[in-house]
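Student: Residue 1585 in the working numbering sits at position 186 of the sequence shown, and the numbers go up by one each step.
For each residue, glycine too, the CB sits at the ideal point set by N, CA and C.
Just so it is clear, the structure is predicted and the values come from calculations on it, not from any experiment.
Handing you a structure now.
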Amino acid sequence: MDVAILSAGHGWHVRALSRALERRGHCAVVLPIDGLVGIVGARPRLAAAGHAIEVCDAALVRTIPRGSLEQIVFRLDALHRLERLGRRVLNPPAAIERTVDKFYTSCLLEEAGIPTPRTVVAERMADALAAFRELGDVIVKPLFGSNGRGMVRVSDEEIAFRVFRALELERAVYYVQEAIPHEGRDVRAFVVGGRVVASMWRRADGWRTNLARGARAEATTLPPEWAALSLRAARAVGAEYAGVDLLPGADGRVWVLEVNGIPGWRGLSEATGVDVAGAIVEHLERRVAGG
């Protein structure tokens, strides 16, 4: 296969995917997703850095970098067009749209009957404060974002007012989620092609369990019901591969917090020894072959 890796750089994950493709005899070309050129009425119909993307057999989307609303919409439009041209795109653009938006993901999880924390999303500060008063102890998250950036835990009304006021000045959307009491650890399950290929505990000294925020990784094997929950969550958003975050609550219930459609796996691979990039490439081979 000729595979385009669409990214904003040549970081660790891009190199891992390139090596995995080359080990299996495929050709990888890394192209800037923020340098896409769409053409109507001539060929190529989609290009980047002078390379016609539509001649590739498939594309792996490694990142959707920050940008204006128009830039983000155009990048996703281009991925949809590539898919309509008959090229396999992983993850599919519809799954990326669903998972980059935490509200969209939360809705789909609830609609699929998957346990996820109570959440209120609003544009007005008064509505966000009303949600805080109802829930009492909340995690305030950016609607878009990953690696725990921008998340704040709030249990005091004066602090809530200050946090919400700052968000109001930024014209942000308020994503206010009930804080689930837990033991300072959660699970990242990595789903590829309908199976959990690797999983780990993420342990922290506080409520934030992201590895990018200092949590410690420890390999684990999921109980069958947790693995099944992870697969259901990935299916709910239409992701062919995903990082699913499971939180065992202090009351014994297990919650799905988020589903990441462009997940990282460096810490997971280091903790488990699993070749996650290889698993993604194997799945891509099956999909391109019609499996």
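1) Thinking C-alpha only, which one of Gly1485, Arg1602, Glu1556 is nearest Ala1349?
2) So for His1412, helix, strand or coil by DSSP?
3) Could you work out which residue in His1682, Glu1617, Trp1664, Thr1671 is closest to Ala1415 when comparing CA atoms only?
4) Smallest Cα separation from Glu1510: which of Leu1420, Val1655, Val1596, Val1575?
5) Do Leu1405 and Ile1432 come within 8 Å of each other at the CB atom, strictly closer than that value?
6) Going along the chain, which residues of its own chain have a beta-carbon closer than 8 Å to the beta-carbon of His1581, five neighbours each way excluded?
7) With C-beta atoms as the reference, is Val1539 less than 8 Å away from Tyr1574?
8) In the DSSP assignment, find the unbroken alpha helix (DSSP H) run with Trp1664 in it and report its ends.
9) Helix, strand or coil for Ala1419 per DSSP?
10) Does the segment 1448-1462 come into contact with the segment 1480-1498, if we say contact requires no fewer than three beta-carbon pairs (one atom in each stretch) closer than 8 Å?
11) In this structure, how does DSSP classify Leu1645 when only helix, strand and coil are distinguished?
12) Can you tell me where the beta strand (DSSP E) holding Met1599 begins and where it ends?
13) Mapping the DSSP letters down to three states, classify Arg1548 as helix, strand or coil.
14) Taking 8 Å as the cut-off, does the segment 1487-1497 touch the segment 1517-1533 (at least 3 CB pairs, one atom from each stretch)?
15) In its own chain, which residues sit with a C-beta less than 6 Å from the C-beta of Pro1514, not counting the 5 before and 5 after it?
16) Span of the alpha helix (DSSP H) holding Glu1496?
17) Taking the continuous alpha helix (DSSP H) assigned at Val1636, which residues delimit it?
18) So what's Cys1455 in DSSP terms, helix, strand or just coil?
19) Count the other CB atoms, across all protein chains shown, that sit within 10 Å of the CB of Trp1411; report buried if there are 16 or more and exposed otherwise.
20) Just verifying my parser: in three-state terms, what is the DSSP assignment at Ser1406?
21) Give me the Cα-Cα distance between Ala1446 and Gly1637, rounded to the nearest whole angstrom.
22) Could you tell me which of Val1499, Gly1437, Pro1443, Gly1440 sits nearest to Pro1464, measuring between CA atoms?
23) Mind checking Asp1476: buried by the 16 CB within 10 Å criterion, or exposed?
24) Are the Cβ atoms of Arg1587 and Gly1672 separated by less than 8 Å?
25) For the segment 1594-1603 against the segment 1614-1624, are there 3 or more C-beta pairs whose distance is under 8 Å?
26) Work out the CA separation of Pro1623 and Glu1567 for me, nearest whole Å.
27) In terms of residue numbering, what span does the beta strand (DSSP E) encompassing Gly1437 cover?
28) Answer yes or no: do Ala1457 and Val1402 have a C-beta to C-beta separation smaller than 8 Å?
Tutor: With the structure as the only source:
1) There is simply no residue 1349 to check, as the chain begins at 1400 and stops at 1690 in what is shown.
2) helix
3) Trp1664
4) Val1655
5) yes
6) Trp1606, Leu1646, Pro1647, Gly1648, Ala1649
7) yes
8) First-last for Trp1664: undefined, no H or E at that position.
9) helix
10) yes
11) strand
12) 1594-1602
13) coil
14) no
15) Trp1654
16) 1492-1499
17) 1623-1636
18) coil
19) exposed
20) strand
21) 26 Å
22) Val1499
23) exposed
24) no
25) yes
26) 43 Å
27) 1435-1437
28) yes
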